[in-house]
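Number of protein chains: 2
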Amino acid sequence: MTTVEHQLREAGLRVTAGRVALLAALGDAPHSDAGSLHRALLANDAGVSVQSVHNILGDLTAAGILRKIEPANSAALYELRVDDNHHHIVCTSCGAVADVDCVVGHAPCLSPSDTAGFTVASAEVTFWGLCAACQTA
Amino acid sequence: MTTVEHQLREAGLRVTAGRVALLAALGDAPHSDAGSLHRALLANDAGVSVQSVHNILGDLTAAGILRKIEPANSAALYELRVDDNHHHIVCTSCGAVADVDCVVGHAPCLSPSDTAGFTVASAEVTFWGLCAACQTA
DNA sequence: ACCCTTATTTTGAGTCGTTCACGATAACGT
DNA sequence: ACGTTATCGTGAACGACTCAAAATAAGGGT
Numbered sequence: 072m073t074t075v076e077h078q079l080r081e082a083g084l085r086v087t088a089g090r091v092a093l094l095a096a097l098g099d100a101p102h103s104d105a106g107s108l109h110r111a112l113l114a115n116d117a118g119v120s121v122q123s124v125h126n127i128l129g130d131l132t133a134a135g136i137l138r139k140i141e142p143a144n145s146a147a148l149y150e151l152r153v154d155d156n157h158h159h160i161v162c163t164s165c166g167a168v169a170d171v172d173c174v175v176g177h178a179p180c181l182s183p184s185d186t187a188g189f190t191v192a193s194a195e196v197t198f199w200g201l202c203a204a205c206q207t208a
Numbered sequence: 072m073t074t075v076e077h078q079l080r081e082a083g084l085r086v087t088a089g090r091v092a093l094l095a096a097l098g099d100a101p102h103s104d105a106g107s108l109h110r111a112l113l114a115n116d117a118g119v120s121v122q123s124v125h126n127i128l129g130d131l132t133a134a135g136i137l138r139k140i141e142p143a144n145s146a147a148l149y150e151l152r153v154d155d156n157h158h159h160i161v162c163t164s165c166g167a168v169a170d171v172d173c174v175v176g177h178a179p180c181l182s183p184s185d186t187a188g189f190t191v192a193s194a195e196v197t198f199w200g201l202c203a204a205c206q207t208a
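Quick mapping for you: the protein sequence lines, in order, are chains A and B.
Under my numbering, read the first sequence as residues 72 to 208, first letter to last.
Under my numbering, read the second sequence as residues 72 to 208, first letter to last.
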């Protein structure tokens with residue numbers, strides 16, 4: 072039994088071909104959207120419908136196996152890293168996404184001065200810039 | 072001539088009823104999406120088509136008169152504050168949005184350790200929590 | 001004050017990403 | 001092997017937004 076199968080069972084989810092294939096595809100291409108994953112699965116003869124991709128992504132995200140991020144000007148992206156609260160940097164030119172480990176977990180910026188009566192549960196940081204490829208181009 | 076008219080002309084844009092009405096509506100209800108603004112204008116007899124609302128929002132955003140934000144699980148929102156680089160706190164329950172002035176503009180968290188080859192142009196922070204109303208409910 | 005140019009708005013259609021409903025299929029505990 | 005029930009497929013639908021081209025109106029020039 073692979074690690075992936077373990078993960079699914081521990082979450083009370085059945086181990087299906089689609090879920091295993093999708094997790095594998097996401098391992099190969101982190102920060103993928105539903106469409107890309109669907110195409111990747113089709114290319115691997117692990118065909119599932121587009122709707123099933125959405126089902127799977129929703130189920131696995133709810134189970135805490137996947138993390139969903141929604142950068143501006145982009146479809147929802149999914150990644151396998153869920154344990155740590157890392158952030159992301161997005162290329163404003165091509166949309167490439169990379170992980171960013173926030174060195175200062177308790178940074179001042181994460182404790183806003185005036186919360187307007189809100190209770191703060193979490194902070195999400197998105198950096199915008201140019202990826203290596205788009206800098207040269 | 073009102074301030075709003077000045078702003079538009081300085082940006083090289085024509086002063087139209089729709090633009091003036093939309094800016095007024097945004098003043099009354101900050102952090103509004105295109106649909107809300109469209110309804111607000113209709114209620115004020117300043118009818119414009121939904122597509123025009125999108126046109127206006129796009130034009131004014133490009134001109135630097137409006138700022139566009141796109142929190143996860145939400146349509147694009149617009150606000151009048153464009154000069155300062157403030158952040159936002161969003162209610163996970165009802166979607167309410169409030170401004171947050173980041174006290175530490177040069178906070179450590181805004182200088183990620185490993186940028187994966189990216190050049191960082193800006194950082195965007197979104198806080199998630201419960202608004203005052205949703206805390207009591 | 002009136003044209004004329006051209007920015008803006010409208011009308012109408014169309015796209016993309018996602019969600020919903022429900023019957024068909026298959027996972028897996030017994 | 002069997003039956004229950006989670007999961008998947010099919011098909012329809014949605015919201016937010018974009019595109020294209022004809023109709024309108026802002027505002028500079030005369």
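All C-beta atoms in this analysis are idealised placements derived from N, C-alpha and C, irrespective of residue type, glycine included.
In this text, all values refer to a predicted model and were calculated from it rather than measured experimentally.
Partners in chain A for residue i, counting only beta-carbon separations shorter than 9 Å
i	result
CYS165 (chain B)	What CYS165 (chain B) touches in chain A: nothing, since even the nearest Cβ is about 11 Å away.
Residue-chain proximity (residue i, chain A), Cβ-Cβ < 8 Å
i	result
GLN206 (chain B)	yes
VAL196 (chain B)	yes
GLU141 (chain B)	yes
ALA100 (chain B)	no
ALA169 (chain B)	yes
ILE127 (chain B)	no
Neighbour flag for residue i against chain B, beta carbons, 8 Å
i	result
SER193 (chain A)	yes
ALA82 (chain A)	no
Within chain B, the residues that residue i reaches when beta carbons sit closer than 9 Å
i	result
ALA105 (chain A)	The contacting residues do not exist; ALA105 (chain A) stays about 15 Å from chain B at best.
Exposed unless 16 or more other CB atoms sit within 10 angstroms - verdict on residue i
i	result
ASP87 (chain B)	Strictly speaking, residue 87 (chain B) in this sequence is Thr, with Asp absent from that position. Exposed, because fewer than 16 other Cβ atoms sit within 10 Å of the Cβ of THR87 (chain B).
GLY106 (chain A)	exposed
HIS109 (chain A)	buried
LEU113 (chain B)	exposed
HIS158 (chain A)	buried
GLY200 (chain B)	buried
ALA169 (chain B)	buried
ALA82 (chain A)	exposed
ALA208 (chain A)	exposed
VAL171 (chain B)	buried
PRO92 (chain B)	Note that residue 92 (chain B) is Ala in the sequence shown here, rather than Pro. Classification of ALA92 (chain B): buried, given that the 10 Å Cβ count is 16 or more.
ALA96 (chain B)	buried
VAL121 (chain A)	exposed
Chain-ordered chain B contacts of residue i [CB-CB under 8 Å]
i	result
LEU201 (chain A)	PHE189, THR190, ALA192
Listed by chain order, chain B residues near residue i by CB distance under 7 Å
i	result
ALA146 (chain A)	Those do not exist, as ALA146 (chain A) stays about 12 Å from chain B at its closest Cβ, beyond 7 Å.
8 Å contact criterion, which residue i and residue j should meet: CB distance rounded
i	j	result
ALA134 (chain A)	ASP104 (chain A)	That belief does not hold up - the Cβ atoms of ALA134 (chain A) and ASP104 (chain A) are roughly 19 Å apart, past 8 Å.
CYS165 (chain A)	ALA204 (chain A)	7 Å
ALA194 (chain A)	VAL191 (chain B)	ALA194 (chain A) to VAL191 (chain B), Cβ: 17 Å. No contact.
LEU131 (chain A)	ARG90 (chain A)	7 Å
ILE136 (chain A)	GLN78 (chain A)	6 Å
PRO183 (chain A)	ILE127 (chain B)	Not quite, the Cβ-Cβ distance comes to about 31 Å (not below 8 Å), so this is no contact.
VAL75 (chain B)	LEU94 (chain B)	5 Å
ALA111 (chain B)	ALA100 (chain B)	7 Å
VAL153 (chain A)	ARG138 (chain A)	5 Å
Neighbouring residues, chain A, relative to residue i (Cβ below 8 Å)
i	result
ILE160 (chain B)	PRO183, THR186, ALA187, PHE189, VAL191
Heavy atom of the ligand PLP within 7 Å of residue i beta-carbon
i	result
GLY135 (chain A)	This structure simply doesn't include the ligand PLP, nor any ligand for that matter.
Practice item. Would you list, in sequence order, the uninterrupted beta strand (DSSP E) runs of no fewer than 3 residues that lie entirely inside the region 108-159 of chain B? Key: 138-140, 148-150
**Study point:** Ordered list of alpha helix (DSSP H) runs contained in the region 76-108 of chain B, each at least 4 residues
**Key:** 88-99
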